[in-house]
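Read the structure below first, then the notes.
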Amino acid sequence: FWKEQQQMLDQEGQPTAALSLGQAMYKYSFETSSTALGDLTTPTAAIILIGLVLCLRSIKSVVLPFFSSLGRSVARKTHGVEWEAANEERIAKFGEYVFRLIYHSSITVYAVWYFWDKSWWSSSTENGAGTLSLFQGFPYHPVEPGMAWYYLLQGAYNLDAMVSLLVLSFSVRFQSPLATVKAPASAAPSTKFQWPVRIGWSETVRGDFQEMMIHHVVTNLLIIGSSMCRLTRIGSMVFLVHDMSDVPVDLSKLANFLKWKWTTLACFLTMVGVWLATRLYILPFTIYRAILTQSQYALEEGLPVILYVHYRHFFYVLVGLLILLHVAWFVMFLQILTTFVKKSECHDLSEHKNGEKQHGSNKIQTSPTAPAEAAATATPSPLKPKRLHDEASEEKKDN
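Per the numbering used here, residue 974 is the first one in the sequence shown, and the count goes up by one each step.
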């Protein structure tokens, strides 16, 4: 691209002023459509994506403790010192909630501004507008710089979210590969091999870890796959639907942390309404329906759409899984609303103060031979997280 810029001619056929390498790279990154940055599987985009993930984690390492300290100050004033000491995990999560709110609000504002006049968001179907434009001309849609960087940032955020979920949910402890097993007094202790790494559930593990992990895996596969097959227009619609509905989710979590009952209820009802409109109406009945019924236009045009022909069922299944997860979370919202109506209390079923009590034993057995005493006293802990359905104990923990 830089060599092409060096040879550019102006309107009169005269050579233009040569661009420096920095100017050429800037023009390539921010002013040129259909660049390799639109495909996250290319080396250039992959390097930038990894760099953005590292930048996000660096930023979070600074701002999350700051936001958590604000949450601690508020908690000390509203709940008292004893509550503060007993809820360190929730205070730490307060910083995460604030960061999510800032990100989801900012990216939603940008997306609404950037996609405001895009044809695929139009409610009219005249002249190929509306969801028909998602596929007409496929796969030669120009990936504008704004779209490419939108995809890069969203991909980085979702990769970081999956890494953060794993860090939040599991604890890793290193131990000696040789374990001493106690024996009767008449016999000498024996030594057995054990794995040098022991993995266990963290105290801050989420109550909906399984659903969130599936969601992150599916989302990241869709992001990478849609960029590779140049389905970025569809991907941008899915992004906006999710980010817009995440804003009231973050607000309701913050209000619940602050114990603002009626503010929490208002945010929660707003969240339910936006969730219904975006994730349970626009996503399945507009976006998903277009994927299932209108993608034939791409095939009828006779364009080389081998990638889409091979992978379209892959996208059908993954987007369908997202919709099912949204339905499952909506059922959880109804449970929260039922609890509020019965007890005038709002309990977040996706977050638990003592994650270990929800998931059984603190350790996930990774050793082929456990010590005799541990085998006699430990209770097996499955990898699958379990929610605690005891409302009384849940109420005690939240209080």
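Every residue, glycine too, gets a C-beta built ideally from N, C-alpha and C.
Give a yes or no on whether the C-beta atoms belonging to residue i and residue j are separated by under 8 Å.
i, j, result
"L1107", "E1184", "no"
"T1130", "L1029", "With the sequence shown as reference, residue 1130 is identified as Tyr, and Thr is not the correct amino acid for it. Yes, they are a contact pair."
"G1011", "M1135", "no"
"L1132", "S1175", "no"
"L1310", "T1051", "no"
"T1205", "V1116", "yes"
"M1217", "V1191", "no"
"T1014", "I1196", "no"
"F1088", "L1213", "yes"
"Y1289", "I1264", "yes"
"R1049", "E1057", "yes"
"H1189", "L1253", "no"
"L1027", "D1223", "no"
"P1157", "P1169", "no"
Across which residues does DSSP place residue i in a beta bridge pair?
i, result
"T1153", "T1164"
"V1220", "None; V1220 has no bridge partner."
"G1173", "S1144"
Going along the chain, which residues of its own chain have a beta-carbon closer than 7 Å to the beta-carbon of residue i, five neighbours each way excluded?
i, result
"F1040", "F1067, G1068, V1071, F1072"
"L1025", "L1125, L1126, A1129"
"L1037", "G1068, E1069, F1072"
"E1004", "P1118"
"I1296", "L1256, P1257, Y1261"
"I1022", "Before going on, a small fix: residue 1022 reads as Leu here, not Ile. Around L1022: L1013, L1125, G1128, A1129."
"F1287", "G1198"
"V1047", "L1231"
"T1259", "T1104"
"L1194", "L1291"
Might you give, ordered along the chain, the residues of its own chain that have their beta carbon closer than 8 Å to the beta carbon of residue i, omitting 5 neighbours on each side?
i, result
"T1350", "With a pLDDT of only 36 at T1350, under the threshold of 50, the placement of this residue in the model should not be trusted; the figure read from the coordinates follows. Taken in chain order, the list of residues that qualify is empty."
"Y1076", "Y1130"
"T1177", "E1062, A1065, K1066, L1141, S1142, G1328"
"Q1267", "T1104, L1105, L1107, F1108"
Answer with buried or exposed for residue i, where buried requires no fewer than 16 other C-beta atoms within 10 angstroms of its C-beta.
i, result
"P1221", "buried"
"V1035", "exposed"
"I1020", "exposed"
"D1090", "exposed"
"V1245", "buried"
"A1018", "buried"
"T1352", "Residue placement at T1352 cannot be trusted, given a pLDDT of 38 that sits under 50; what the coordinates show is reported in the next sentence. Looking at its Cβ environment, which holds fewer than 16 other Cβ atoms inside 10 Å, T1352 is exposed."
"C1202", "buried"
"L1307", "exposed"
"G1173", "buried"
"F1006", "The residue asked about is misnamed: residue 1006 is Ser in this sequence, not Phe. Classification for S1006: exposed."
"W1235", "exposed"
"G1044", "buried"
"G1053", "exposed"
"Q996", "exposed"
"S1209", "buried"
"A1348", "The predicted model places A1348 with a pLDDT of 35, which falls under 50 and marks its position as unreliable; any figure quoted below should be read in that light. A1348 comes out exposed."
"S1200", "buried"
"Q1167", "buried"
"V1082", "exposed"
"P1341", "Residue confidence for P1341 is low, a pLDDT of 37 falling below 50, so the modelled location carries little weight; the figure read from the coordinates is stated next. When all chains shown are included, P1341 counts as exposed."
"V1300", "exposed"
"V1211", "buried"
Please work out which residues of its chain come closer than 6 Å, Cβ to Cβ, to residue i, disregarding the five sequence neighbours upstream and downstream, and give them in chain order.
i, result
"L1227", "Y1070"
"F1241", "S1225"
"V1292", "Y1261"
"I1207", "L1107"
"I1032", "none"
message = As an exercise, report each continuous alpha helix (DSSP H) stretch of at least 4 residues that is fully enclosed by the region 1033-1105, in chain order.
response = 1054-1059, 1061-1088
message = Threshold first: 3 residues or longer. Then list the beta strand (DSSP E) segments lying entirely within the region 1197-1244, N to C.
response = none
request  = Let me know the alpha helix (DSSP H) ranges lying completely inside the region 1279-1318, each 4 residues or longer, listed in chain order.
outcome  = 1279-1316
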